[in-house]
Amino acid sequence: MPKGLDISDGPGFTQLLRSLHLEPTWPNTNADLSSLDAPEATTVLSARYQDGVVMVGDRQATEGYSVAHRRMQKVFPTDHLSVVAISGTAGLALDMVRLFQTELEHYEKLEGSRLSLDGKATYLARMVRQQLPMAFQGLVVVPLFAGYDELMETGRLFTFDVVGGRYEEHDFGATGSGSREARSYLRNRYQPDLPEAEALELVMAALVAASEQDVATAGPDPRRDIYPTVVTVTAGGYREFEDVEIEPIARAALEAVR
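So the sequence shown is residues -8 to 249, counted in my numbering.
1. Counting pairs of beta carbons, one from the region 33 to 47 and one from the region 181 to 195, are three or more of them closer than 8 Å?
2. Pull up the distance between the alpha-carbon of GLY210 and that of GLU102, whole angstroms please.
3. Can you tell me whether GLU144 is helix, strand or coil according to DSSP?
4. Taking only the alpha-carbon atoms, compute the straight-line gap between LEU193 and TYR56 and give it to the nearest angstrom.
5. Which residue marks the beginning of the beta strand (DSSP E) containing THR69, and which one marks its end?
6. Would you mind stating whether LEU90 and MET125 have Cβ atoms separated by less than 9 Å?
7. Tell me whether the beta-carbon of ASP205 lies closer than 9 Å to the beta-carbon of THR34.
8. Excluding the 5 residues preceding and the 5 following GLY228 in the sequence, name in chain order all residues of the same chain whose CB lies nearer than 7 Å to its CB.
9. Closest by CA to SER145, which one among ASP162, ARG157 and ARG174?
10. Leaving aside the five residues before and after TYR181 along the sequence, list all residues of the same chain whose C-beta is less than 8 Å from its C-beta, in chain order.
11. Using a 10 Å radius around the Cβ and a threshold of 16 neighbouring Cβ atoms, would you call LEU27 buried or exposed?
12. Roughly how many whole angstroms lie between the Cα atoms of THR20 and ALA116?
13. Would you kindly report the start and end of the unbroken beta strand (DSSP E) that includes LEU36?
14. Output needed for ALA201: all residues of its chain with C-beta closer than 6 Å, excluding positions within five of it in sequence on either side, in chain order.
15. Do you know whose CA, among THR166, GLY138, ALA197 and TYR114, lies nearest ARG230's CA?
16. Based on the DSSP secondary-structure assignment, which residues constitute the bridge partners of PHE163?
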């Protein structure tokens, strides 16, 4: 199979389940679910830097005007060289991430090699498109995807829309309720080829700026010892930073933005 090809007709895990008549399906319902208070994951953002990509996600999930969870994980490795973050209806988004991880692992075991970064992004777009019936009922899932491209030897990141449109961002991207504020901050301060330390400071400050304007987005909370999830993906692979590493960056961002 050519690198970068959509695996929708290839050796996918979903295709295996379908062949065994075990594919999960949504119940056929015409009910209006738009008023359902399902937990919503809020703001995630990513930026390219000198060595690859950095991604950060806040930890808060909301139910309407209430806080549902304060320590939710929204950023996940999909394999050694890529990462996905979620926004929207939390339960559906988490299921999508688990299936996406399984699909990539299944492909790698059958083919003996990793799917290209383009192929991963294309397949994730197809998964988003399959959620369209639920989106029409108000249960929206929009991921953010990034990784290190071994062929191009650079970090790349992709945003999506609710109907499965896939868009490569050349500098930075964000999704979720605070994404407009985060992008606005990054637009004014982003510079290409930043070293890692400055890239971490930039995305943390952008998340704090979003939390100042968007009530659903939570910035760092030193009083509760809650800090955003921060990961990088470089030629060396995926790395998630410990809270002890993030704390001084978060405190500096709070001071600088506020």
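Every residue gets a Cβ at the ideal spot worked out from N, C-alpha and C, and that includes glycine.
Looking at the coordinates:
1. yes
2. Taking the first residue of the sequence shown as position 1, residue 210 is located at position 219. Taking the first residue of the sequence shown as position 1, residue 102 is located at position 111. If you take the alpha carbons of GLY210 and GLU102, they lie about 41 Å apart.
3. Within the sequence shown, numbered from 1, the residue matching residue 144 stands at position 153. Coil.
4. Within the sequence shown, the letter at position 202 stands for residue 193. Within the sequence shown, the letter at position 65 stands for residue 56. Each residue's alpha carbon lies about 29 Å from the other.
5. Locating residue 69 in the sequence shown gives position 78, counting from the first residue. First-last of the beta strand (DSSP E) with THR69: 66 to 70.
6. Locating residue 90 in the sequence shown gives position 99, where the first residue counts as 1. Locating residue 125 in the sequence shown gives position 134, where the first residue counts as 1. In this structure, MET125 does not lie closer than 9 Å to LEU90 by Cβ.
7. In the sequence shown, the residue the question calls residue 205 occupies position 214. In the sequence shown, the residue the question calls residue 34 occupies position 43. Against a cut-off of 9 Å, the Cβ pair of THR34 and ASP205 comes out as a contact.
8. Within the sequence shown, residue 228 is the residue found at index 237, counting from 1. Within the same chain, GLY228 has close Cβ partners HIS71 and LEU72.
9. The sequence position of residue 145 within the sequence shown is 154, counting from 1. Contrary to the premise, residue 145 reads as Thr rather than Ser in this sequence. Among ASP162, ARG157 and ARG174, the Cα nearest to that of THR145 is on ASP162.
10. Taking the first residue of the sequence shown as position 1, residue 181 is located at position 190. Contacts found: ALA38, ASP162, PHE163 and LEU193.
11. Taking the first residue of the sequence shown as position 1, residue 27 is located at position 36. Low confidence applies to LEU27: its pLDDT is 47, below 50, so where it sits in the model is not reliable, and the reading given next is rough at best. Burial call: exposed.
12. Here residue 20 refers to the residue found at position 29 of the sequence shown. Here residue 116 refers to the residue found at position 125 of the sequence shown. Any reading at THR20 is ruled out, since the residue's pLDDT is 48, under 50, leaving its predicted position unreliable.
13. The count along the sequence shown starts at 1 and reaches residue 36 at position 45. Here the beta strand (DSSP E) through LEU36 covers 35 to 39.
14. By 1-based counting over the sequence shown, the position of residue 201 is 210. Around ALA201: THR34, GLY169, GLU172, ALA173 and THR208.
15. Your numbering for residue 230 matches position 239 in the sequence shown. That would be GLY138, whose Cα lies nearest to the Cα of ARG230.
16. Here the question's residue 163 lines up with position 172 in the sequence shown. According to DSSP, PHE163 bridges with ALA38.
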